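Engineer:
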Amino acid sequence: MRTPLDISALYHRCDPSLFTFKTTDELESIEQPIGQKNALEAVDFGTNIQQDGYNLFAMGPSGSGKHSTVMALLETKAKSEAVPNDWCYVNNFKDTRKPIAIELPPGKAAPFQSDIAELVELLKAMLPAVFESNNYRNEKEMINQKYIEAQSNIFQHLQEEAQKHDVSMSASSTSRVTFVPVVDGKILSAEEFKAIEGEQKEEITRKMTEFEKIVKEGLRRVSELNKAQQKEFKALDRKITQESVETVIDEVRRKYAGVQKIVDYLDGLQSDVVRHVQDFLVKPEEMGMPPFMQEFYTPSFTRYKVNLFIAHNGNKTAPVIYEDNPIHQNLIGRIEHVSQVGTLVTDFSMIKPGALHKANGGYLVLDARKLLMQPFAYEGLKRVLRAKEIRIESLAQQYSLVSTTSLEPEPIPVNVKVILIGERILYYLLHHYDPDFRELFKVSADFEDDMPRSDENIDLYARMIGTIAKQHELLALTPEAVARVIEQSSREVSHAAKFSTHIRTLSDLLKEADYWSRKYTHASIEKSDIEKALTAQTERLNRIQRKLYEQIEEGTIMINISGSAVGQINALTYISIGGHNFGLPSRITARTRIGKGEIIDIERKVELSGPIHSKGVMILSAYLGSKYASDLPLSLSASLVFEQSYGKIEGDSASSTELYALLSSLSEVPIKQNIAVTGSVNQFGEIQPIGGVNEKIEGFFDICMRKDADASYGVIIPEANVKHLMLKTEVLEAVENGTFSIYAVKTIDEGIAILTGVDAGEADEKGDFPKASINGKVVARLKILSETIRQFSHPRPAAKRKTATKKKSKE
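Take our numbering: the final residue in the sequence shown is number 806, and no numbers are missing along the way.
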């Protein structure tokens, strides 16, 4: 029979004498997280390879330090890389709906914006002066005089024709001509003209008609002269403007002669200024209108501005951008609108960059979960990575949700390395269901949850503890405190030979210990402060645990921890809720009777059993049949149930416990109730490891101590779980005092012997078990059940039964 584990196997202590420092302030800080060699190499590979699709997914549990590690590595790497070029958007004077993107060397976009702004201001001051100059006025006056003379000649001609046609003509300043008949040198009135009759009136009418035609022709020539005059005025304005503007713009054009897009843009700007020179000459303040009206008549010069889209002024490294809110607009960029007279309008100056623009030429870091939670964001990111260009599109316009004036900005080529950070499940789901993901994110950096607890790593872990304390301005830790933190770290990963690499958990523990250390006015964080922080953490979260303990103590939840019972056993369950993990005993009962080899899982029948738990129960049936009924029918009907269980049951860690209860029921040998059991079983009766072994043991221990602290108790665990043991101090003290025992078993036979005090029994050469053993009793019971069911299935005739009875009586 197995003996209890020695106390040395229950807790792997860290000896403070291993450390030579007095406090962690003496330790050198570490720059990179420990235990993440493979992940760091993957990040280095993914960020250095310059091939399409080699973007990176950094995966691991939340709080493992992925984000801070990746950001630190990228920022270090970016220092040795060139600053990317600047970008700006300018107006497309040929098609304002399609703004032009201009690329400039880093730090040159802002000066270009200033140069254009100064140019426009100079034109606003210079052009009015040009048009008020004497040269301009003289040239305009010469044109004006030329046409005045031409018009005078026309009206002189009309006067001469009027005399020939006996007509008196007058012309206004607006070139309006009126004429009346003249008879014998006298101008006729309307009444006098009506009084004339006969041939004289006809002759006067004829002359008036002829003169009217002459007047119309003359006025047509005057109109043509006016048009020609205006054309010459405009031509003069264009010539004067062209000469003035070209001189000023040529200076800017020479400065940016090496950038063809800017040269073309300046040509378009010059043409536009010439076409809209009146905008520079309008002065609403001189129109005599109220100030609040002047703004409506003030021309806008927005079309000449430069939209400073991406500028790297003062930057000396490649960009490393983390976008905390990766919605579509924040990634791809957006086009803003303003309301004018009830209509939404926009222009190139309202184009705003996204994170991809800011990270272009560098690195973009995104939280995978946040990215996937935002509509259209993930698809937009993939579209950019596939097309290698950023095309700003309005989602509302794209899906015809609104009808507004929109733009089609020229796309910007992109060269960016994208790093997604998230849990492993997200990586596996995307890799399985999204073909694009496999093409675009070919590198994965998997951050480890734990690392070996070697002497070398213990020293590194101590340095990491010291580094975190310095980063957060915490008190330094004593060697005893560091040793206790390392022991707790091993408990976090449930492995005595490893410790956790989860940075957030470690950081939180140190911060809380620092709080208690300062409260107790300690000079450094001591072991007692670590203990206090751990206790406080538990007490903040264990309300449900305490309530369940109280219900067991009161008898509401029925748990026996003394005496023996047939077909009844204490299983150990693991509960995780709200970040708090604890164990709890649960009674399992088994009843057996004659049947057809069916083991009824009551939890499954009522749909409270998960698939893994149901699988474990099915394994029991295979084990019983193969071990005890290989050459006879398994004429058994058994029922198993977790008593007082009202929720979902999942996992197979109680399958060995259920099997012990069945064996007890079949053999009718009672099980000790002061021993609880956990462990999974396979078809060969081997005990398999389970999770949460420390919490399960401690949960049963707590219940036992609440009921009767002076009695003796024990727990049976799989032998494979011994390496996971990191039990709390109270359990260790009870083991040392002999009031609590922990047994590690490999097989069902070893476990049933401990539980019943009866040897399980080994089969002899014929395959028979000793009759007094558990296995022998089980076989005997199964044979009885099989014989009974055979008799019920094949009853003998009444006459034969009577003869057989007589024969037996004679004997």
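Backbone N, C-alpha and C define an ideal beta-carbon position, used for all residues, glycine too.
All values derive from a computational prediction rather than experimental measurement.
Who does Ile346 pair with in a DSSP beta bridge?
Structural biologist: Answer is Ile330, bridged to Ile346.
Engineer: Once you ignore the five residues that flank Ser616 on each side, which residues in its own chain have a CB closer than 6 Å to its CB?
Structural biologist: These residues qualify, in order along the chain: Ile594.
Engineer: According to the Cβ coordinates, are Lys493 and Gly48 closer than 8 Å?
Structural biologist: Not closer than 8 Å, so no.
Engineer: Would DSSP call Asp647 helix, strand or coil?
Structural biologist: Coil.
Engineer: Would you mind sorting Tyr84 into buried or exposed? The rule is 16 or more other CB atoms within 10 Å of its CB.
Structural biologist: Buried is the call here.
Engineer: List the residues that DSSP assigns as beta-bridge partners of Lys412.
Structural biologist: Beta-bridge pairing links Lys412 to Tyr358.
Engineer: Taking the continuous beta strand (DSSP E) assigned at Ala96, which residues delimit it?
Structural biologist: Start and end: 95 to 99.
Engineer: Give the straight-line distance between the Cα atoms of Asp110 and Glu238, rounded to the nearest whole angstrom.
Structural biologist: Rounded to whole angstroms, Asp110 to Glu238 spans 20 Å at the Cα level.
Engineer: Buried or exposed, going by whether 16 or more other CB atoms sit within 10 Å of the CB of Asp509?
Structural biologist: By the neighbour-count rule (16 or more Cβ atoms within 10 Å), Asp509 is buried.
Engineer: Helix, strand or coil, according to DSSP, for Glu521 in the structure here?
Structural biologist: DSSP places Glu521 in coil when its eight states are reduced to three.
Engineer: Rounded to whole angstroms, what is the Cα-Cα separation between Thr42 and Glu70?
Structural biologist: So the alpha carbons of these two residues sit roughly 12 Å apart.
Engineer: Could you work out which residue in Ser502, Ile330, Ser12 is closest to Met459 when comparing CA atoms only?
Structural biologist: The shortest Cα separation from Met459 among Ser502, Ile330, Ser12 belongs to Ser502.
Engineer: If you count every other CB in all the chains shown that lies within 10 Å of the CB of Lys93, and 16 or more means buried, which is it?
Structural biologist: Classification for Lys93: exposed.
Engineer: By how many angstroms is the C-alpha of Pro665 removed from the C-alpha of Glu745?
Structural biologist: For Glu745 and Pro665, the distance between alpha carbons rounds to 16 Å.
Engineer: Take Val247 and list the residues in its own chain whose beta-carbon comes closer than 7 Å to its own, dropping the five residues that flank it on each side.
Structural biologist: Around Val247: Asp110, Leu114, Leu261.
Engineer: Assuming contact is defined by CB atoms lying nearer than 8 Å, are Thr734 and Ile29 in contact in what I supplied?
Structural biologist: No. Outside cutoff.
Engineer: Which whole-angstrom value describes the C-beta separation of Asp450 and Val488, a residue pair presumed to lie in contact below a C-beta threshold of 8 Å?
Structural biologist: That belief does not hold up - the Cβ atoms of Asp450 and Val488 are roughly 18 Å apart, past 8 Å.
Engineer: Helix, strand or coil for Tyr6, going by three-state DSSP, please let me know.
Structural biologist: Tyr6: coil per DSSP, three-state reduction.
Engineer: Under the three-state reduction of DSSP, which class applies to Ser557: helix, strand or coil?
Structural biologist: If DSSP states are grouped into helix, strand and coil, Ser557 belongs with coil.
Engineer: State yes or no: is the C-beta of Val730 within less than 8 Å of the C-beta of Leu5?
Structural biologist: Going by C-beta atoms, Val730 is nearer than 8 Å to Leu5.
Engineer: Who are the Cβ neighbours of Arg588 in its own chain at under 7 Å, not counting the five residues just before and after it?
Structural biologist: Answer for Arg588: Ser632, listed in chain order.
Engineer: Check whether the Cβ atoms of Gly356 and Asn410 sit closer than 8 Å, and answer yes or no.
Structural biologist: Closer than 8 Å, so yes.
Engineer: Rounded C-beta distance between His490 and Lys718? I'm assuming under 8 Å.
Structural biologist: Right, their Cβ atoms sit about 6 Å apart.
Engineer: Suppose you measure from the CA of Glu418 to the CA of Met54; what does that come to, to the nearest Å?
Structural biologist: Using only the alpha carbons, I get a separation of about 5 Å.
Engineer: Around the Cβ of Tyr428, are there at least 16 other Cβ atoms within 10 angstroms (buried) or fewer (exposed)?
Structural biologist: With fewer than 16 Cβ atoms within 10 Å of its Cβ, Tyr428 is classed as exposed.
Engineer: Output needed for Ile658: all residues of its chain with C-beta closer than 7 Å, excluding positions within five of it in sequence on either side, in chain order.
Structural biologist: The question names Ile, yet the displayed sequence has Leu at residue 658. Ile747, Ile769, Val773.
Engineer: State the CB to CB distance for the pair Leu99 and Phe88, rounded to an integer number of angstroms; the pair is presumed to be in contact (CB under 8 Å).
Structural biologist: Their Cβ separation, rounded to whole angstroms, is 20 Å, which puts Leu99 and Phe88 out of contact at 8 Å.
Engineer: Would a C-beta distance cut-off of 8 Å place Leu359 and Leu351 closer than the cut-off?
Structural biologist: Cβ distance < 8 Å, so Leu359 and Leu351 count as in contact.
Engineer: If we ignore side chains and look at the alpha-carbon of each, how far apart do Ser24 and Ser484 end up?
Structural biologist: Spanning the two alpha carbons is a distance of roughly 19 Å.
Engineer: In this structure, what does DSSP give as the bridge partners for Gly578?
Structural biologist: Looking at the DSSP assignment, Gly578 forms a beta bridge with Tyr569.
Engineer: Please classify Phe16: does DSSP put it in a helix, a strand, or coil?
Structural biologist: Of the three classes helix, strand and coil, the one that applies to Phe16 here is coil, per DSSP.
Engineer: Once DSSP output is grouped into helix, strand and coil, what is the label at Gly620?
Structural biologist: Correct three-state label for Gly620: helix.
Engineer: Helix or strand or just coil, what does DSSP make of Lys808?
Structural biologist: Residue coverage of the chain in this structure runs from -4 to 806, which leaves residue 808 outside it and unanswerable.
Engineer: Using the three-state DSSP reduction, which class does Thr91 fall into: helix, strand or coil?
Structural biologist: In the structure shown, Thr91 sits in coil (DSSP, three-state: anything other than H, G, I, E or B).
Engineer: How would you label Glu806, buried or exposed, when you count the other beta carbons within 10 angstroms and need 16 or more for buried?
Structural biologist: Because the pLDDT of Glu806 is 46, which lies under 50, any placement of that residue in the model is unreliable, and the number read from its coordinates should be weighed accordingly. Answer is exposed; the Cβ neighbour count stays below 16.
Engineer: From Arg364, Ala313, Asn221, Gly709, pick the residue whose C-alpha is nearest to that of Tyr738; which is it?
Structural biologist: Residue Gly709 is the option with its Cα nearest to Tyr738.
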